[in-house]
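A.B. asks: Residue numbers (this note's numbering): 16 to 169.
1) Does the distance from the C-beta atom of residue 46 to that of residue 133 stay below 7 Å?
2) Can you grab the Cα-Cα spacing for the pair residue 121 / residue 97, in whole Å?
3) For residue 79, count neighbouring Cβ atoms within 10 angstroms of its own Cβ and tell me buried if that reaches 16, exposed if not.
4) Output needed for residue 147: all residues of its chain with C-beta closer than 8 Å, excluding positions within five of it in sequence on either side, in chain order.
5) Tell me, please, which residues DSSP counts as bridged to residue 137.
6) Using only the alpha-carbon positions, how far apart do residue 56 and residue 84 sit?
7) Classify residue 127 as buried or exposed, calling it buried when 16 or more other Cβ atoms lie within 10 Å of its own Cβ.
8) Flag this pair as yes or no: are the beta carbons of residue 50 and residue 25 separated by less than 7 Å?
9) Under three-state DSSP, which class holds residue 155?
10) Thinking C-alpha only, which one of 59, 82 and 58 is nearest residue 40?
11) In chain order, which alpha helix (DSSP H) runs of at least 4 residues are fully inside the stretch 88 to 123?
12) Ordered along the chain, which non-local residues of its own chain (more than five positions away) have a Cβ less than 6 Å from that of residue 101?
13) Report the option in 92, 88, 125 and 152 whose CA atom is closest to the CA atom of residue 34.
14) When the Cα of residue 68 is compared with those of 53, 77, 137 and 99, which residue comes out closest?
15) Rounded to a whole number of angstroms, what is the C-alpha to C-alpha distance between residue 137 and residue 143?
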């Protein structure tokens, strides 16, 4: 990957409750104000996931104030897809939706196959481990794609 930071990036997944908010939060933490970052889901029928909040807090990323939103709501609230340089889909359904919505714009849509941790693990610890795997997959892809974090970690 090229390591060049886009001016704006939209992360998307199925519900905007786990993977895309994790990616949005990490992107903001790692690259600061160098890039405008948002996230959206194909649907917005869930709240932000508590396990996602917990595993991101472990690396200093705050997600508890995240409000889930769909592509449709995002556009209603004034964030037009055509304004993003890059759309990163973290699930097959969001990739299809992003490609459908961006076919009229010259936008780059990338697909990062990130594991959906929901429903994995019986115990709290097993669930947290699944979410940590997802978080670490996103972090690894992000650093591979955009280079090492530019913002000093606190």
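The C-beta atom is built at its ideal place from N, Cα and C for all residues, glycine as well. Source: prediction; values computed, not measured.
C.D. replies: Concretely, from the data shown:
1) At the C-beta level, residue 46 and residue 133 stay beyond 7 Å of one another.
2) 8 Å
3) exposed
4) 70 and 73
5) Its beta-bridge partners do not exist; DSSP assigns none.
6) 6 Å
7) buried
8) Taking 7 Å as the Cβ cut-off, residue 50 and residue 25 do not qualify as a contacting pair.
9) helix
10) 82
11) 107 to 117
12) 21, 24 and 123
13) 152
14) 77
15) 10 Å
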